[in-house]
């Protein structure tokens, strides 16, 4: 994971923000997926 955050501190922050952006876009595209996934995951817990 640390290899993914190479470069200057500002560069790390930009990479992280871009990553969060892409994650939020994916969540918007599949709005019901995270909820369904979490509910399914909770059912599998002992």
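Residue numbers (this note's numbering): 1 to 46. C-beta atoms are modelled at their ideal positions from N, C-alpha and C, and glycine is treated no differently. Remember, it's a predicted structure, so these values are computed and weren't measured experimentally.
Coarse secondary structure for residue i, derived from DSSP in three states
i, result
"residue 15", "helix"
"residue 27", "helix"
"residue 36", "helix"
"residue 45", "coil"
"residue 1", "Since pLDDT at residue 1 reaches only 47, below the 50 mark, its modelled position is unreliable, and no value is offered."
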